[in-house]
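In order, the protein sequences belong to chains A and B. Just so you know, we're using our numbering here: the first sequence kicks off at 54 and counts up by one. Just so you know, we're using our numbering here: the second sequence kicks off at 85 and counts up by one. Before any comments, here is the structure.
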Amino acid sequence: MNDLDRRDGVSEALRRLASADRTMTTSPAVEARLRAEVRAMGGRSQAWNRGTLVALAAALAVCVSVPVLWWSTQDHAMSTGAPGASQIAREATTEFFPLFFGSVPASSEHIVRIEVPRASLVQFGLASAHDMNRTTGTVLADVLVGEDGLARAVRFVRPIFQE
Amino acid sequence: MDDRELLEQARQGDALAFSRLFSQHQRQIFHYAAYMCGVAAADDIVQETFLVVLRQTGRRDAPSASVLAYLIGIARHLVMKRHGRTSEWAVDEAVLEDAPSPEPSAFDRVAAAQSIDAIRGAVRSLPPAYREAVVLCELQEIDYAMAATLLNCPVGTVRSRLHRGRALLAAKLAVSMREEVERVR
Numbered sequence: 054m055n056d057l058d059r060r061d062g063v064s065e066a067l068r069r070l071a072s073a074d075r076t077m078t079t080s081p082a083v084e085a086r087l088r089a090e091v092r093a094m095g096g097r098s099q100a101w102n103r104g105t106l107v108a109l110a111a112a113l114a115v116c117v118s119v120p121v122l123w124w125s126t127q128d129h130a131m132s133t134g135a136p137g138a139s140q141i142a143r144e145a146t147t148e149f150f151p152l153f154f155g156s157v158p159a160s161s162e163h164i165v166r167i168e169v170p171r172a173s174l175v176q177f178g179l180a181s182a183h184d185m186n187r188t189t190g191t192v193l194a195d196v197l198v199g200e201d202g203l204a205r206a207v208r209f210v211r212p213i214f215q216e
Numbered sequence: 085m086d087d088r089e090l091l092e093q094a095r096q097g098d099a100l101a102f103s104r105l106f107s108q109h110q111r112q113i114f115h116y117a118a119y120m121c122g123v124a125a126a127d128d129i130v131q132e133t134f135l136v137v138l139r140q141t142g143r144r145d146a147p148s149a150s151v152l153a154y155l156i157g158i159a160r161h162l163v164m165k166r167h168g169r170t171s172e173w174a175v176d177e178a179v180l181e182d183a184p185s186p187e188p189s190a191f192d193r194v195a196a197a198q199s200i201d202a203i204r205g206a207v208r209s210l211p212p213a214y215r216e217a218v219v220l221c222e223l224q225e226i227d228y229a230m231a232a233t234l235l236n237c238p239v240g241t242v243r244s245r246l247h248r249g250r251a252l253l254a255a256k257l258a259v260s261m262r263e264e265v266e267r268v269r
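Structure, rendered in structure tokens:
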């Protein structure tokens with residue numbers, strides 16, 4: 054028997070095997086699980102969009118709070134026009150205050166800095182309602198947002214300007 | 085919509101695109117996985133392979149080879165991870181090139197007549213590197229260039245592994261047939 058015969062024998066065996074293997078396929082359960090995963094992905098995607106809205110809504114909720122005085126000693130400085138970046142020496146920040154979705158686990162988070170009315174400070178106990186009628190303008194806030202777009206926490210930022 | 089578009093849409097969570105991508109390629113990935121790490125694990129490998137795709141939500145890069153090669157590449161990575169011992173896959177290519185084929189046997193002629201189970205068993209008993217070449221190039225009919233990309237080796241290496249794999253297969257089938265004849269006697 055020569056090599057050609059040998060190859061033909063093996064080739065024929067492999068052809069038969071390939072043909073028989075056509076009936077072998079992934080179990081339907083796998084496809085079902087993967088389809089469920091795709092549906093969940095769609096859900097997560099929608100949740101992200103909802104989450105983004107929620108984050109914005111949370112920021113908006115902070116924004117529409119009743120105006121109060123925050124860090125009254127800085128009141129004048131913070132409402133007399135925006136200083137140049139070079140004038141800002143450092144920042145003072147509050148601790149992070151948990152928001153509605155603060156207890157939802159997040160694998161990663163990032164901080165979004167926004168401007169909110171001083172009124173926002175009341176609901177976090179940073180200013181009293183007594184001062185609210187005397188205060189206008191905005192303050193800076195860092196919103197901690199999860200990868201799902203849900204806002205977890207907020208802190209307030211006070212720039213400290215150079216003399 | 086071609087394979088690459090399906091892949092991109094599937095990565096974005098498009099259920100229809102994913103379904104089509106899965107339907108088109110699951111069988112070949114299953115076959116590859118079944119030969120490389122057993123039928124019991126093949127379902128898991130297929131599932132994990134497509135989960136990898138689904139978790140690439142931020143990726144938009146197209147595979148350099150075909151989508152099938154890309155998917156089998158993922159499956160291969162998972163299979164090797166599962167084996168845990170990559171030394172099993174190591175092949176001394178220099179020795180391989182010079183390795184003589186087994187002596188022709190009278191039983192080679194009847195190799196084609198053996199039962200499917202015997203042939204399948206013989207393929208599964210090949211060393212992983214040779215088995216992989218046989219499965220990809222003979223059973224999956226993937227061309228040598230694509231197999232070389234998948235296996236991350238030159239085309240010549242694919243050819244030599246395939247040659248050696250076929251020779252080993254012939255020998256195994258011959259032994260199997262001899263045993264069968266003995267048993268019948």
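Note that beta-carbon positions come from the ideal geometry of N, C-alpha and C, so glycine has one too. Since the model is a prediction, treat every value here as computed from it, not as a measurement.
Our contact map puts residue i next to residue j with C-beta atoms below 8 Å; I'd like the distance itself, whole angstroms only.
{"i": "B/Thr-141", "j": "B/Gly-168", "result": "Rounded, the Cβ-Cβ distance is 29 Å, inconsistent with contact."}
{"i": "A/Glu-144", "j": "A/Ile-213", "result": "7 Å"}
{"i": "B/Leu-162", "j": "B/Thr-133", "result": "6 Å"}
{"i": "A/Phe-209", "j": "A/Leu-174", "result": "7 Å"}
{"i": "B/Ile-158", "j": "B/Val-136", "result": "5 Å"}
{"i": "A/Val-169", "j": "A/Val-198", "result": "Incorrect: roughly 15 Å between the Cβ atoms, too far for contact."}
{"i": "B/Ile-129", "j": "B/Leu-234", "result": "About 15 Å; that fails the 8 Å criterion."}
{"i": "A/Phe-177", "j": "A/Phe-149", "result": "Not really, about 10 Å apart at Cβ, beyond 8 Å."}
{"i": "B/Tyr-119", "j": "B/Val-207", "result": "6 Å"}
{"i": "B/Tyr-214", "j": "B/Arg-245", "result": "5 Å"}
{"i": "B/Ala-146", "j": "B/Arg-88", "result": "5 Å"}
{"i": "B/Gln-131", "j": "A/Val-83", "result": "5 Å"}
{"i": "A/Gly-190", "j": "A/Arg-205", "result": "With a Cβ gap of about 26 Å, A/Gly-190 and A/Arg-205 do not count as contacting."}
Can you name the residues of chain A whose CB is closer than 9 Å to the CB of residue i?
{"i": "B/Gln-93", "result": "Chain A residues near B/Gln-93: none, gap ~11 Å exceeds 9 Å."}
{"i": "B/Ala-232", "result": "Those do not exist, as B/Ala-232 stays about 20 Å from chain A at its closest Cβ, beyond 9 Å."}
{"i": "B/Ala-118", "result": "Asp-74, Met-77"}
For a contact defined as C-beta to C-beta under 7 Å, what are the partners of residue i on chain A?
{"i": "B/Leu-162", "result": "Those do not exist, as B/Leu-162 stays about 14 Å from chain A at its closest Cβ, beyond 7 Å."}
{"i": "B/Arg-204", "result": "Leu-70"}
{"i": "B/Arg-217", "result": "The question names Arg, but residue 217 of chain B in the sequence shown is Ala. Within 7 Å Cβ-Cβ: nothing; B/Ala-217 doesn't reach chain A, min ~12 Å."}
{"i": "B/Leu-253", "result": "Val-63"}
Can you list the residues of chain B that residue i reaches, using a CB-CB cut of under 9 Å?
{"i": "A/Gly-199", "result": "Ordered by position in chain B, no residue passes the 9 Å Cβ test against A/Gly-199, which lies about 15 Å from the chain."}
{"i": "A/Leu-203", "result": "Neighbours of A/Leu-203 on chain B: none; closest Cβ ~17 Å, over 9 Å."}
Could you work out which residues of chain B lie near residue i, taking near to mean beta carbons separated by less than 7 Å?
{"i": "A/Leu-67", "result": "Glu-222, Leu-223"}
{"i": "A/Ser-80", "result": "Asp-127"}
{"i": "A/Asp-74", "result": "His-115, Leu-223"}
{"i": "A/Leu-174", "result": "Near A/Leu-174 there are no residues of chain B at all, since even the closest Cβ is about 37 Å away, more than 7 Å."}
{"i": "A/Val-83", "result": "Asp-127, Val-130, Gln-131"}
Name, please, each residue of chain A whose Cβ falls closer than 8 Å to the Cβ of residue i.
{"i": "B/Arg-248", "result": "The premise fails here: B/Arg-248 is roughly 12 Å from chain A at the closest Cβ pair, so nothing lies under 8 Å."}
{"i": "B/Ile-200", "result": "Arg-69, Leu-70, Ala-73"}
{"i": "B/Leu-257", "result": "Gly-62, Val-63, Ala-66"}
Output, in chain order, the set of chain B residues within a Cβ distance shorter than 8 Å of residue i.
{"i": "A/Leu-193", "result": "Under the 8 Å cutoff, chain B gives no residues; its nearest Cβ is about 30 Å from A/Leu-193."}
{"i": "A/Gly-190", "result": "Simply none; closest approach about 39 Å."}
{"i": "A/Leu-87", "result": "Phe-102, Phe-106, Gln-131, Phe-134, Leu-135, Leu-138"}
>> Using a Cβ distance threshold of 8 Å, determine whether the segment 216-223 of chain B contacts the segment 68-82 of chain A, with at least three qualifying pairs required.
In response: yes
> What residues in the segment 125-157 of chain B have a beta carbon less than 7 Å from any beta carbon of chain A?
Replying inline: Against chain A - using a Cβ distance shorter than 7 Å - the residues of the segment 125-157 of chain B are Asp-127, Val-130, Gln-131, Phe-134, Leu-135, Leu-138.
> Does the pairing of the segment 201-219 of chain B with the segment 247-260 of chain B give three or more beta-carbon distances under 8 Å?
Replying inline: yes
> Quick one: complete beta strand (DSSP E) runs, 3+ long, within the segment 210-236 of chain B?
Replying inline: none
>> Does the segment 96-112 of chain B come into contact with the segment 80-96 of chain A, if we say contact requires no fewer than three beta-carbon pairs (one atom in each stretch) closer than 8 Å?
In response: yes
>> I'd like to know if the segment 226-241 of chain B and the segment 196-206 of chain B are in contact, where contact means that at least 3 CB-CB pairs between them fall below 8 Å.
In response: no
>> Could you tell me which whole alpha helix (DSSP H) segments of length 4 or greater appear in the segment 103-157 of chain B?
In response: 123-138
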